[in-house]
Amino acid sequence: MIDIGLSKMALIGVVALIVIGPEKLPRVARTVGALLGKAQRYVADVKAEVNRSMELDELRKMKDTVENAAREVEQGIQTSASDFQKDMEQSLGASSDSPAFDSGVSGGLTGVVPAYRHPGKNWRLKRAAVPQWYKARAGVRTRAQSGAARVARFRPRKFH
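Following the working numbering, the numbering of the sequence shown begins with 24 at its first residue and continues without gaps.
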């Protein structure tokens, strides 16, 4: 901002000490510091806003160039497609005496679409059945049981 050397700062400090007095100098220095901070924040905000506006302008220019390029590509594809269609119509018209060329989406071919058939899978059912004796031996839980019931089940029993 302002180029002030160390000697100039000392001179300003001495003049301020003489003019303001030693009692009010800390309060004045705090006020000046707060004002300088506000000024710096304001300058930083202005710079950020200018940068944002410049970036927006650049983005708008880039958007316009991309849109123009896309339009040119689209027009080129349309012209080449129409040229290709004309060539195909001319070649088919000259080579055979078949019915008129169908320029539909399917290209004149009528295919049979197969009907949907369910695959017959049921993800809820298990494919392999595990025998009960194997589950009992391996300790696989087959029934839901609460924690308290499980503790009561495996609690050591007292003999009379």
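Ideal Cβ placement from N, Cα and C applies to all residues, glycine included.
Which of helix, strand or coil DSSP assigns to residue i
i	result
Q168	coil
S129	Low confidence applies to S129: its pLDDT is 49, below 50, so where it sits in the model is not reliable, and the reading given next is rough at best. Coil at S129, not helix or strand.
I100	helix
R178	coil
P45	coil
Y139	coil
7 Å Cβ shell around residue i - same chain, five flanking residues per side excluded
i	result
M32	none
Host alpha helix (DSSP H) of residue i (start-end)
i	result
W146	Neither: W146 is in no alpha helix (DSSP H) and is coded neither H nor E.
K158	Q155 to A161
For residue i, the nearest candidate out of the options (CA to CA)
i	options	result
V163	P154, A57, V73 and G170	P154
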